[in-house]
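> This is the structure I have questions about; it appears just below.
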Amino acid sequence: MKSARRDCAPGLVSARVLPLIRGAMPEPLIIALDGPAASGKGTLARAIARHYALAYLDTGSLYRAVAYLLLREGADPSDEKAAAAAARAFSLETIDNTGIRSREVGAAASVVAAHPAVRQALLEFQRDFARRPPGGAKGAVLDGRDIGTVVCPDATVKFFVVASPQVRAGRRFRELEAAKPGLTQADVLADLMERDARDAARADAPMAQAEDAELLDTTHLTIEAAFAAARRVIDGVIRRCES
Ligand code: DC
């Protein structure tokens with residue numbers, strides 16, 4: 007394992023990429039993207055999944071779905087027992103993709119995500135998705151906060167995607183403003199800062215850059231430029247292993 011990493015691409019590639027490029031892939035190609043809210047990792051993850059024909063899982067949507075269920079029932083997101091029960095009841099099919107995108111659900115998701123029992127309940131689902139990607143895909147792209155560190159520490163390629171708080175707040179504000187008259191960019195910035203602090207400070211699987219993750223700062227990048235930068239890294243890993 008260690009020597010495969012050294013031989014191919016120091017700090018970036020795991021042993022699983024060797025069989026992949028030799029044409030016999032016993033294990034899937036896994037690409038992990040972590041980073042703070044609105045850093046651009048979701049957009050990037052979807053573009054990577056499309057380009058390399060991989061399955062995609064937005065792991066934040068799982069925590070959002072749990073939070074959404076709790077809020078709908080009038081339960082308190084900080085109640086670990088209720089949150090863990092909601093996490094165990096969760097299924098991908100029941101996710102309300104529109105409902106989970108609100109500002110309130112985002113904040114509550116960060117609260118439920120700090121409960122170890124919730125993380126435990128969602129862990130196997132995420133690992134299973136990566137190990138056995140649906141639809142016969144040859145691998146999977148997962149984005150979140152702890153994919154490279156906890157969910158898939160052996161991912162083939164890992165990114166930690168960041169952007170300045172102001173740029174992130176601007177992006178999230180433009181997504182939310184139509185549905186929320188009166189909302190200001192300053193409100194969104196305050197939400198993001200609070201959420202980032204909670205996600206990074208929690209004891210269990212905090213948001214963190216894996217040691218072997220590539221740092222990608224999208225502050226001054228268009229979506230196309232960020233995607234091109236990610237592709238260079240992924241293609242580079244594969245090429246180095248081929249040579
Ligand atoms: O990526 P997002 O903003 O949709 O995520 C919502 C919340 O879910 C985020 O504030 C923290 C939590 N989360 C997490 O703890 N671990 C993940 N892998 C993904 C999201």
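In this note's numbering, the protein residues as written are 7 to 249. Just so you know, even glycine gets a beta-carbon here, dropped at the ideal spot from N, CA and C.
1) Are the beta-carbon atoms belonging to V157 and K47 less than 8 Å from one another?
2) On the CB-based measure, 16 or more other CB atoms within 10 Å of its CB, does I153 come out buried or exposed?
3) Give the single residue among H121, L60, D241, A115 whose Cα lies nearest to the Cα of K87.
4) Is it the case that the CB of S67 approaches a heavy atom of the ligand DC more closely than 7 Å?
5) With DSSP as the reference, label I36 as helix, strand or coil.
6) Examine the ligand DC and report whether any of its heavy atoms sits within less than 7 Å of the Cβ of R70.
7) On the criterion of 16 or more Cβ atoms from any shown chain inside 10 Å, does R178 qualify as buried, or is it exposed?
8) Flag S45 as yes when its Cβ comes closer than 7 Å to any non-hydrogen atom of the ligand DC, and as no otherwise.
9) Please identify the residue among L68, A59, R56, R201 whose C-alpha is closest to the C-alpha of A44.
10) What's the gap between the Cα of L129 and the Cα of A119?
11) Please report how far the alpha carbon of T100 lies from the alpha carbon of D223, in whole angstroms.
12) Please name the residue or residues paired with L222 in a DSSP beta bridge.
13) Could you name the residues of the same chain whose beta carbon sits closer than 6 Å to that of A95, not counting the 5 residues immediately before and after it, in chain order?
14) Note the first and the last residue of the continuous alpha helix (DSSP H) segment covering G66.
15) Residues in its own chain within less than 8 Å of D40 by CB, not counting five upstream and five downstream?
16) Excluding five sequence neighbours on each side, which residues of the same chain lie with their C-beta closer than 6 Å to the C-beta of R70?
17) Can you tell me where the beta strand (DSSP E) holding A146 begins and where it ends?
18) For V194, tell me which candidate among A113, D85, P83, S84 has the shortest Cα-Cα distance.
19) Tell me whether I54 counts as near the ligand DC, meaning its Cβ is closer than 7 Å to at least one heavy atom of that ligand.
20) Considering Cα atoms alone, identify which of Y74, T162, G176 is closest to H226.
Judging by the given coordinates:
1) Here the question's residue 157 lines up with position 151 in the sequence shown. Here the question's residue 47 lines up with position 41 in the sequence shown. Cβ distance not < 8 Å, so V157 and K47 don't count as in contact.
2) Translated into positions along the sequence shown, residue 153 becomes position 147. That one is buried.
3) Taking the sequence shown and counting its residues from 1, one reaches residue 87 at position 81. Answer by Cα proximity: H121.
4) Mapped onto the sequence shown, residue 67 falls at position 61. Flag set: Cβ of S67 near the ligand DC.
5) Working through the sequence shown from its first residue, we reach residue 36 at position 30. Under the three-state reduction of DSSP output, I36 falls in the strand class.
6) Taking the first residue of the sequence shown as 1, we reach residue 70 at position 64. Yes, the ligand DC has a heavy atom inside 7 Å of this Cβ.
7) Taking the first residue of the sequence shown as position 1, residue 178 is located at position 172. Buried.
8) By 1-based counting over the sequence shown, the position of residue 45 is 39. If you check the C-beta of S45 against the ligand DC, you find no heavy atom less than 7 Å away.
9) Counted from its first residue, the sequence shown places residue 44 at position 38. Of the candidates L68, A59, R56, R201, the one whose C-alpha sits nearest the C-alpha of A44 is R201.
10) Taking the first residue of the sequence shown as 1, we reach residue 129 at position 123. Taking the first residue of the sequence shown as 1, we reach residue 119 at position 113. Cα to Cα, the separation comes out at about 11 Å.
11) What you label residue 100 is simply residue 94 of the sequence shown in a count that begins at 1. What you label residue 223 is simply residue 217 of the sequence shown in a count that begins at 1. Each residue's alpha carbon lies about 34 Å from the other.
12) Looking up residue 222 in the sequence shown gives position 216. V167.
13) Within the sequence shown, the letter at position 89 stands for residue 95. Here the set comprises nothing.
14) Translated into positions along the sequence shown, residue 66 becomes position 60. 66-78 is the span of the alpha helix (DSSP H), which, as asked, contains G66.
15) Translated into positions along the sequence shown, residue 40 becomes position 34. Cβ neighbours of D40 beyond the five flanking positions: K47, D149, G150, R151, D152, I153, G154, T155, K164, F165, F166, V167, M213, A214, Q215, A216, A219.
16) The residue you call residue 70 lines up with position 64 of the sequence shown. So the qualifying residues of the chain are I106, V111, A115.
17) Stepping through the sequence shown from its first residue, residue 146 is reached at position 140. Counting along the chain, A146 sits inside the beta strand (DSSP E) bounded by residues 145-150.
18) Within the sequence shown, numbered from 1, the residue matching residue 194 stands at position 188. That would be A113, whose Cα lies nearest to the Cα of V194.
19) The residue you call residue 54 lines up with position 48 of the sequence shown. Checking every heavy atom of the ligand DC against the Cβ of I54, none is found closer than 7 Å.
20) Residue mapping note: residue 226 aligns to position 220 of the sequence shown, counting from 1. Of the listed residues, the one whose Cα sits closest to H226 is G176.
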